[in-house]
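Numbering (full-length UniProt numbering), first residue to last: 1 to 193.
Backbone N, C-alpha and C define an ideal beta-carbon position, used for all residues, glycine too.
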């Protein structure tokens, strides 16, 4: 079997044949990889075929998948510096991450309900023998409370600006019983928000 027959979507992208790609995309697997581990989306990004990229993204081509060299389509786009393609890929990556999280959500909530309630503290502290480096390395105590299908994580590290860590008092609340778009809340305890 010739490689063109084995990878018809890849061939369409390589030749820049958007019309044929549009006709074939419904019947062939957009996640199929060639012998280098590249999906058709990888190839479209590498060759700068913007119409092919948009068509593949519209049909659910995975953005996070890596080829055998360890490159994702997003990493390829960043290396080529095409802002429009990067933006499209980032948007699709966020959408796919949300969808993947929603698919896993029932298992997560079930596991949380089966687990006993608990409280724990995680203390972490980075250190270095180099004096100046030690001053910018972070340390914190994360407090985690779990009750039913709800988790609360309290932390004091907020941001990193101008080689300094910004401290605050932030809580992340996850309530597994709420609707997906309402289940995660971030509270700034200092500002009262």
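Helix, strand or coil at residue i according to DSSP, with G and I counted as helix
{"i": "residue 22", "result": "helix"}
{"i": "residue 184", "result": "strand"}
{"i": "residue 155", "result": "strand"}
{"i": "residue 120", "result": "strand"}
{"i": "residue 175", "result": "strand"}
{"i": "residue 86", "result": "helix"}
{"i": "residue 66", "result": "coil"}
{"i": "residue 36", "result": "coil"}
{"i": "residue 45", "result": "helix"}
Cα-Cα separation between residue i and residue j, rounded to whole angstroms
{"i": "residue 29", "j": "residue 186", "result": "39 angstroms"}
{"i": "residue 139", "j": "residue 6", "result": "53 angstroms"}
{"i": "residue 65", "j": "residue 130", "result": "38 angstroms"}
{"i": "residue 176", "j": "residue 81", "result": "39 angstroms"}
{"i": "residue 91", "j": "residue 122", "result": "33 angstroms"}
{"i": "residue 13", "j": "residue 34", "result": "13 angstroms"}
{"i": "residue 32", "j": "residue 107", "result": "28 angstroms"}
{"i": "residue 68", "j": "residue 45", "result": "16 angstroms"}
{"i": "residue 155", "j": "residue 95", "result": "27 angstroms"}
{"i": "residue 26", "j": "residue 59", "result": "8 angstroms"}
{"i": "residue 127", "j": "residue 165", "result": "14 angstroms"}
{"i": "residue 79", "j": "residue 37", "result": "18 angstroms"}
{"i": "residue 133", "j": "residue 120", "result": "29 angstroms"}
{"i": "residue 41", "j": "residue 100", "result": "19 angstroms"}
{"i": "residue 161", "j": "residue 135", "result": "14 angstroms"}
{"i": "residue 72", "j": "residue 116", "result": "39 angstroms"}
{"i": "residue 47", "j": "residue 97", "result": "25 angstroms"}
Among the options, nearest to residue i - alpha-carbon criterion
{"i": "residue 142", "options": "149, 125, 26 and 14", "result": "125"}
{"i": "residue 50", "options": "78, 123, 26 and 16", "result": "16"}
{"i": "residue 184", "options": "102, 110, 115 and 190", "result": "102"}
{"i": "residue 146", "options": "118, 41, 169 and 70", "result": "118"}
{"i": "residue 190", "options": "171, 180, 179 and 115", "result": "171"}
{"i": "residue 188", "options": "74, 179 and 169", "result": "169"}
Cut-off 6 angstroms between Cβ atoms - residues of its own chain near residue i, not counting five sequence neighbours on either side
{"i": "residue 173", "result": "152 and 185"}
{"i": "residue 83", "result": "none"}
{"i": "residue 10", "result": "34, 40 and 43"}
Bridge partners - residue i, DSSP secondary structure assignment
{"i": "residue 166", "result": "159"}
{"i": "residue 143", "result": "121 and 154"}
{"i": "residue 93", "result": "None, per the DSSP bridge assignment."}
Residues near residue i by beta carbon distance below 8 angstroms, same chain, minus five either side
{"i": "residue 167", "result": "156, 157 and 158"}
{"i": "residue 149", "result": "109, 112, 113, 175, 176 and 177"}
{"i": "residue 55", "result": "18, 21, 22 and 25"}
{"i": "residue 57", "result": "41, 63, 88, 89 and 92"}
Sequence-distant residues of the same chain with beta carbon closer than 7 angstroms to residue i, five excluded per side
{"i": "residue 8", "result": "24 and 28"}
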